[in-house]
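Asker:
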Amino acid sequence: MAAKLSIWDAGIIRLAVRDAVFKLSPHHQIRNPVMFCVYTGSILTTVLFIQSILGEEDITPGLGFMITIWLWVTVLFANFAEAMAEGRGKAQAQALRKSRRAVQAKKLSKPARHAKVTILQSGELRAGDIVLVEAGDFIPSDGEVIEGCASVNESAITGESAPVIRESGGDRSAVTGGTQIISDWLIVRILSNPGETFLDRMISLVEGAKRQKTPNELALTILLAALTLIFLLVCSTLLPFSLYSHMVAVSGKTVSVTVLIALFVCLAPTTIGGLMSAIGIAGMDRLIQANVIAMSGRAIEAAGNIDVLILDKTGTITLGNRQATEFLPAEGVSMETLADAAQLASLADETPEGRSIVVLAKDKYNLRGREIAEMQATFIPFTAQTRMSGANLPGRQIRKGALQAIESYVSEMGGTFPQSVLRSVELIARKGSTPLVVADGARVLGVICLKDIIKGGIRERFAQLRQMGIRTIMVTGDNPLTAAAIAAEAGVDDFLANATPEDKLKLIQRLQSEGRLVAMTGDGTNDAPALAQADVAVAMNTGTQAAKEAGNLVDLDSNPTKLIEVVEIGKQLLMTRGALTTFSISNDVAKYFAILPAAFAATYPELNTLNIMHLATPSSAILSAVIFNALVIVLLIPLALRGVGWQRVSAARLLRRNVFIYGFGGLVVPFAAIKLIDWILAAAGIV
Numbered sequence: 031m032a033a034k035l036s037i038w039d040a041g042i043i044r045l046a047v048r049d050a051v052f053k054l055s056p057h058h059q060i061r062n063p064v065m066f067c068v069y070t071g072s073i074l075t076t077v078l079f080i081q082s083i084l085g086e087e088d089i090t091p092g093l094g095f096m097i098t099i100w101l102w103v104t105v106l107f108a109n110f111a112e113a114m115a116e117g118r119g120k121a122q123a124q125a126l127r128k129s130r131r132a133v134q135a136k137k138l139s140k141p142a143r144h145a146k147v148t149i150l151q152s153g154e155l156r157a158g159d160i161v162l163v164e165a166g167d168f169i170p171s172d173g174e175v176i177e178g179c180a181s182v183n184e185s186a187i188t189g190e191s192a193p194v195i196r197e198s199g200g201d202r203s204a205v206t207g208g209t210q211i212i213s214d215w216l217i218v219r220i221l222s223n224p225g226e227t228f229l230d231r232m233i234s235l236v237e238g239a240k241r242q243k244t245p246n247e248l249a250l251t252i253l254l255a256a257l258t259l260i261f262l263l264v265c266s267t268l269l270p271f272s273l274y275s276h277m278v279a280v281s282g283k284t285v286s287v288t289v290l291i292a293l294f295v296c297l298a299p300t301t302i303g304g305l306m307s308a309i310g311i312a313g314m315d316r317l318i319q320a321n322v323i324a325m326s327g328r329a330i331e332a333a334g335n336i337d338v339l340i341l342d343k344t345g346t347i348t349l350g351n352r353q354a355t356e357f358l359p360a361e362g363v364s365m366e367t368l369a370d371a372a373q374l375a376s377l378a379d380e381t382p383e384g385r386s387i388v389v390l391a392k393d394k395y396n397l398r399g400r401e402i403a404e405m406q407a408t409f410i411p412f413t414a415q416t417r418m419s420g421a422n423l424p425g426r427q428i429r430k431g432a433l434q435a436i437e438s439y440v441s442e443m444g445g446t447f448p449q450s451v452l453r454s455v456e457l458i459a460r461k462g463s464t465p466l467v468v469a470d471g472a473r474v475l476g477v478i479c480l481k482d483i484i485k486g487g488i489r490e491r492f493a494q495l496r497q498m499g500i501r502t503i504m505v506t507g508d509n510p511l512t513a514a515a516i517a518a519e520a521g522v523d524d525f526l527a528n529a530t531p532e533d534k535l536k537l538i539q540r541l542q543s544e545g546r547l548v549a550m551t552g553d554g555t556n557d558a559p560a561l562a563q564a565d566v567a568v569a570m571n572t573g574t575q576a577a578k579e580a581g582n583l584v585d586l587d588s589n590p591t592k593l594i595e596v597v598e599i600g601k602q603l604l605m606t607r608g609a610l611t612t613f614s615i616s617n618d619v620a621k622y623f624a625i626l627p628a629a630f631a632a633t634y635p636e637l638n639t640l641n642i643m644h645l646a647t648p649s650s651a652i653l654s655a656v657i658f659n660a661l662v663i664v665l666l667i668p669l670a671l672r673g674v675g676w677q678r679v680s681a682a683r684l685l686r687r688n689v690f691i692y693g694f695g696g697l698v699v700p701f702a703a704i705k706l707i708d709w710i711l712a713a714a715g716i717v
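Going by this note's numbering, the first residue of the sequence shown is number 31, and it counts up by one from there.
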């Protein structure tokens, strides 16, 4: 979905230049208080320049013209920075529009494959309609699979060519409009009206059409507006002060209004004011490049501030496909009896773990050829609340599940739990594997060992997060011993064992009550309450509609470890904004030493001692500062779009590093740049 775009793509630059001119409208400029003041100053200096041509002297026409031109260039460069960021989003939106197509839909009269079919266009579908999608068909709109199982090509959305399985029930029932069925068939309940599909929302988001300023951005805007107001008041009072000084001294010249406007523009935080919008849009763009859609800018910002990361064990820390490796029977129970019961309890279990139990019993103990209809079996599905599954047969109630769940079940049935089974559970758990206890009514038969594999490199990633000051918590339904072994191997800071959906929610609420910002991932309906509670909630695109609606970020690749990348993008966004704000305020100091002595040297010759750069003339000093003020915006556009380079280290170390680079650098660079511009102007005889 997210094609990598060059920052200096020729097509984007052409559109950005055009849009920079269109953005000169007062309606657009008034949204940015800092640049609106520069915009107003540019209009005023234009009027004063025209007056100077007509003989109403405020400043020499040549200097007035140069200052006016460069003030307008400052506004255009700020518009260009924003247009460049928006242009990248528009290019991606155009690619998405090409993937969106009007297709025929097979609307069913009722949710059954052989029901009456009505052929209509996808744009005529409404939420609640039932459609049939067969091999080769495109899914006409976003929906939920209510019957069937099929292989789906989602490359139009995720960019990943490998097909994925979508099926009714469970956490992989959501389908997206525009994706194509490769094999088999699905009956889908449509969940979106025209114009409200996931693809439509993606287009709006990447274009920035619905981008709202985040709380951090709003706070910075207020700060910059306050600084701008202070400088505006200071510069406004300088004119009457200069007139009074001239009247008393009866010598020299008063400072001109054009020079005061130039002074104000150079002292106001125009650098960050011109780049702030581009930084926010670029942060959203970097998230899209990672195939993550943000439902709000607040989520990206919060990701940069989180200090607790909650991760499910299965599929996130481990590969997720646990395999049955051995049966450990209880005392007095034969291996064949345990294997037979374990297989019966797993016949209807379509999870990788359930299938592996069936295969192990078949391969090792030759248990095969069962006729489910003849057994008159009723299968009990696994739920997050009961944490066990099984089968009811005539005269038998077989269950398999977590230790505590089976303990409670056996106790309810009037049985006792053998010590040998407890020892087997502890032995398996200490090795980091997962024990499943099998019971037949009140009798405990033994334990199934499921082996889980830690993902490669995950321990190193958790160590990096720890260096960034982020605490990691693993959540699992396993018993405490298994959870502790896996947590130690993976390198997480803490874990929650025997976790139910309610436990996840309570954990998040407790952490938030301690003043922490919490992030988590989820894909199921049972994850929705916790996702809704978390400050940063990444829902999987393959997950249920409830999970996607509860999350504020959607991962198109459905990779739970993507949450770590989201945190890094959020931190980079905040760092970029902070670094460029520091640079903007720091370089005002150098401009102060350039323009203030030049503006008042005629009235107060003593101020020439502040001309530490030894600039050629007052006019050259003023113009050099104005030119630098404009050029620095366009020179920082690549940094604003790419983001500040950063390392996975503590916040304190990052702060020291950025204060040195962008604070000290913001002081030094302008001195050298303004002196160079002054030398060029003097050599060319311009001023």
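We put the CB at the ideal spot given by N, CA and C, even for glycine.
Here the structure is a predicted model, which is why all the values come from computation and not from measurement.
1) Could you tell me whether the region 546-562 touches the region 511-528, using the rule of 3 or more Cβ pairs below 8 Å?
2) Decide if the region 305-325 is in contact with the region 96-106; the criterion is three or more beta carbon pairs, one per stretch, under 8 Å apart.
3) My assumption, with CB atoms under 8 Å, is that LEU74 sits in contact with ILE323. Please give the rounded CB distance.
4) Would you mind sorting PRO424 into buried or exposed? The rule is 16 or more other CB atoms within 10 Å of its CB.
5) Apart from the five residues just before and just after TYR69, which ones in its own chain have a Cβ nearer than 8 Å to its Cβ?
6) Which residues bound the beta strand (DSSP E) around MET570?
7) Relative to the C-alpha of LYS705, which candidate in ARG687, ALA165, PRO531 and PHE623 has its C-alpha closest?
8) Give me, in chain order, the residues of the same chain whose beta-carbon lies closer than 7 Å to that of CYS265; leave out the 5 immediate sequence neighbours on both sides.
9) Report the partner residues of LYS136 according to the DSSP bridge assignment.
10) ALA435: buried (16+ other C-beta within 10 angstroms of its C-beta) or exposed?
11) Where does ASP587 sit, in a helix, a strand or coil, going by DSSP?
12) Candidates LEU593, GLY225 and ARG489: which alpha carbon is nearest ASN565's?
13) I need the boundaries of the alpha helix (DSSP H) containing GLU174, first residue and last residue.
14) Return the chain-ordered list of same chain residues with a C-beta closer than 7 Å to the C-beta of ALA239, the five sequence neighbours on each side being excluded.
15) Helix, strand or coil for GLN59 per DSSP?
16) Report the residue from ASP523, ILE478, GLN353 and ALA369 whose alpha carbon sits nearest the alpha carbon of ARG385.
17) Where do the ends of the beta strand (DSSP E) carrying THR355 lie?
18) In three-state DSSP terms, what is TRP215?
19) Reducing DSSP to helix, strand and coil, say where GLU380 ends up.
20) For the putative contact between ARG473 and GLY445, defined by C-beta atoms under 8 Å, what is the C-beta separation to the nearest angstrom?
21) Tell me, to the nearest whole angstrom, how far the beta carbon of LEU495 is from that of LEU685; I am working on the premise that it is less than 8 Å.
22) For SER386, decide whether its Cβ has a neighbour in chain B, counting only Cβ atoms nearer than 8 Å.
23) Considering only C-alpha positions, which residue in the set VAL218, THR301, ALA702 and ILE252 is nearest to ARG61?
24) Whole angstroms are fine: how far does the CA of ALA375 sit from the CA of SER454?
25) Secondary structure at SER203, three-state DSSP: helix, strand or coil?
26) Tell me whether ALA580 is buried or exposed, calling it buried when 16 or more other Cβ atoms sit within 10 Å of its Cβ.
27) Between SER450 and ALA360, is the Cβ-Cβ spacing less than 8 Å?
28) Determine the extent of the beta strand (DSSP E) in which ARG196 is found, giving its start and end residues.
29) For my contact list, ASP523 and ARG540 are in at a C-beta cut-off of 8 Å; report their separation, rounded to the angstrom.
30) Considering only residues of the region 500-539, which uninterrupted beta strand (DSSP E) runs meet the minimum length of 3 residues and lie entirely inside it, listed in chain order?
31) Considering only their Cβ atoms, is the gap separating ILE484 from THR348 smaller than 8 Å?
32) For LEU254, I'd like the list of residues in its chain whose CB is within less than 6 Å of its CB, leaving aside the five on either flank, ordered along the chain.
33) Residues in its own chain within less than 7 Å of LEU221 by CB, not counting five upstream and five downstream?
Answerer: In terms of the structure at hand:
1) No, the region 546-562 does not touch the region 511-528.
2) No, the region 305-325 is not in contact with the region 96-106.
3) Rounded, the Cβ-Cβ distance is 43 Å, inconsistent with contact.
4) By the 16-neighbour rule on beta-carbons within 10 angstroms, PRO424 is exposed.
5) Cβ within range, chain order: LEU54, PRO56, GLN59 and VAL105.
6) Residues 566-570.
7) When only C-alpha atoms are compared, the closest one is PHE623.
8) Here the set comprises LEU290, LEU293 and PHE294.
9) Under DSSP, LYS136 shares a beta bridge with ILE149 and LEU162.
10) Residue environment analysis places ALA435 among the buried positions, since at least 16 neighbouring C-beta atoms fall within 10 angstroms of its C-beta.
11) Of the three classes helix, strand and coil, the one that applies to ASP587 here is coil, per DSSP.
12) A small fix is needed here, since residue 565 is Asp in this sequence, not Asn. Checking every option, the nearest Cα to that of ASP565 belongs to LEU593.
13) First-last for GLU174: 173-183, but that is the beta strand (DSSP E), not the alpha helix (DSSP H).
14) In this predicted model, ALA239 has a pLDDT of only 42, less than 50, meaning its place in the structure is not dependable; the value taken from the coordinates is given anyway. Nothing listed; no residue qualifies.
15) In the structure shown, GLN59 adopts helical secondary structure according to DSSP, grouped into three states.
16) With respect to the C-alpha of ARG385, the residue from ASP523, ILE478, GLN353 and ALA369 having the closest C-alpha is GLN353.
17) Annotation for THR355: the continuous beta strand (DSSP E) segment containing it runs 353-359.
18) The three-state reading of DSSP puts TRP215 in strand, counting E and B together.
19) Coil.
20) Contact between ARG473 and GLY445 holds, with the beta-carbon distance rounding to 6 Å and staying under 8 Å.
21) About 18 Å; that fails the 8 Å criterion.
22) As a matter of chain content, chain B is missing from the structure shown, which is built from one protein chain.
23) Nearest C-alpha to ARG61: ILE252.
24) Rounded to whole angstroms, SER454 to ALA375 spans 20 Å at the Cα level.
25) Collapsing the DSSP output to three states places SER203 in coil.
26) Buried, because 16 or more other Cβ atoms sit within 10 Å of the Cβ of ALA580.
27) SER450 places its beta carbon less than 8 Å from that of ALA360.
28) For ARG196, the uninterrupted beta strand (DSSP E) segment begins and ends at 194-197.
29) About 15 Å separates the two Cβ atoms, so there is no contact after all.
30) At a cut-off of 3 residues, the continuous stretches assigned as beta strand (DSSP E) that sit fully inside the region 500-539 are 501-505 and 524-526.
31) In this structure, THR348 lies near ILE484, with their beta-carbon atoms less than 8 Å apart.
32) Around LEU254: VAL64, PRO299 and GLY303.
33) Cβ neighbours of LEU221 beyond the five flanking positions: ALA157, ASP172, GLY173, GLU174 and GLN575.
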